Structure formats: structure tokens, C-alpha cells
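When we follow my numbering, the leftmost residue of the sequence shown carries the number 362, and every step to the right adds one.
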Amino acid sequence: MSEPRIGPERKVLLAPSVLAADLSDLAGALKICEDGGADLVHFDVMDGHFVPNLTFGPPVLRDVVRRTKVPVDVHLMVSNPDALLDAYLEAGAAWVSVHQEVAVHLDRTLSRIRSAGARAGVVLNPATPAETLTDLLQSLDFVLLMSVNPGFGGQPFLPYVLDKARRLRSMLDERGLSQVQIQMDGGLGRDTIHRAAVAGVDVCVAGSAVFGADNPAAEIEHLRRLAEGTAS
Ligand code: DX5
Ligand code: ZN
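Spelled out as C-alpha cells, the structure:
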């Protein structure tokens, strides 16, 4: 058995997804993220084609970035990431992830993201195996594992994705790529977030678990401590 990856020495990053906030008050959602000490603001871009929902265009991202000091993590759920990438990079994305299922020239796409000074990630749908990234791991900053089918917040966590996180962590460890972070997105909350961290997840996205809480700002720190195993 390998050593558990969590403990007092290991920090788990918490990224609230503003998709679950009151979308008529994005500034209020950003204040909650800042007050709660969020590490990233997770920003879900949906195009009504790759996923059956529509959300935020580049002008919304630009104003969100202007409004907050927290780095914004842009999850592109779009069919044509190469066509839209520049607009989101210019709008100030700090982290950008594109789906493996639609990005046909992933190596080039990741290079474009890094050249713009952002951190580059690849997203895998629940059904997409980690092994599809075997030859690309050294070229990315993070891998985002979907633990729900993308498109909507508030869906139940798919526990079989934990095994993929463990396999991916082993693949990274075998290659000496410990700097590559594993992010998980979907259905993470009080009941699931610790299992994700134990499986090797470094960055936990949480939408409804944060913004549906009685005290959303306090819940950010609570979820991070639950993930790290320093709260129960
Ligand atoms: C789903 C989005 C998620 C979503 C997570 O397609 O990518 O980021 O906001 O929401 P919860 O945490 O409610 O599952
Ligand atoms: Zn997301």
C-alpha cells in the first residue's frame, strides 16, 4: 500500500463553483469566495452543444476577473475549445481546462494555454479513462476528473471515479510528476470530499455544497478541513 496522501503537511485546494451561486449577484458570490479563503474561483463555461446547458461568455469572465483577487479557473465545456480559447485567455483566466473528448490537438492546445501564462489542464468525463493521457502528462499542469456527467450542478457523486484518481496518482508518481495536480469536479461535499482527497485529489471543486450551505463562506474552510482530515 502506498502512503496516504493526506495529512497535516498536505494542503487541499478548494475551488467553489459559482455556477451554484445566485447568478444575479456574481459580485456577491465572489465576495463569499474571498471571505471564505477560496484558493480558486471555478468558472463553468457551457456552450449548449458539448453539454445541454449554457452559461458564461468571455465578457462575463473579464468582469469576474476584474472583481476578484482570487485566481479564476475556467472549465471549458465547449465543443470547439480551440476557437474559443483566446477569448477566455484574454479575459484573464488563470487556469484553463479543456475536455479530452473534443480537443483533437491537445498538445498544441495546452501549449497555447501555457504560452498565455495560464495553467493548462485536461478534463476527463467520467467514462474517459486516465490512460488516454499517458503520453501527455509531462505537458500539463493539472488533470480535472469529472465525478458527474458535465452540464449541471447538484448531481450525485459517481464513486467509481475515485479509482481513476488513484490510478492517475500512481501514473504521476511513477513518472516523477508530483507537481501535476489532480482536480475533481461534481458532487463533492461533506460526505464525499475526504474520499476524494485520500484518492489523491489536490483541488476540490464544490458548487452546491458551498453555495447551498447556511454559511457559504464558512463552508469553504470547513470543506477544506474535511478534505484534509483535520475536521469531522
Ligand atoms: C458540472 C460543473 C461543475 C458544477 C459542480 O458540469 O462542471 O463545476 O458546478 O457542481 P456541484 O458541486 O453542485 O456538483
Ligand atoms: Zn466545472
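For glycine and all other residues, C-beta sits at the position ideal for the given N, C-alpha and C. Computed from a predicted structure; not experimentally measured.
Taking each of V522, A567, S531 and N486 in turn and checking the Cα distance to D400, the smallest one comes out for A567.
DSSP, reduced to helix, strand and coil, places G550 outside both helices and strands of the structure shown, so it counts as coil.
Q540 sits exposed, since fewer than 16 C-beta atoms from the chains shown fall within 10 Å of its C-beta.
Taking a cut-off of 8 Å on C-beta distances, the segment 500 to 508 touches the segment 541 to 550, as three or more cross pairs fall below it. Closest in alpha carbon position to A477, among Y521, W456, M438 and L497, is W456. The three-state reading of DSSP puts H403 in strand, counting E and B together. Relative to the Cα of E395, the nearest Cα in the group P577, R586 and A588 belongs to P577.
Taking C-beta atoms under 8 Å as the contact rule, V426 and A452 qualify, at a distance of about 6 Å.
A557 sits in a helix when the DSSP states are folded into three classes. Residue nearest to A382 within the set I554, N486, D443 and F572 is F572 (criterion: CA-CA distance).
The C-beta distance from L587 to A557 rounds to 10 Å, too long to meet the 8 Å contact threshold.
Contact annotation: the segment 514 to 529 touches the segment 547 to 566, with at least three C-beta pairs closer than 8 Å.
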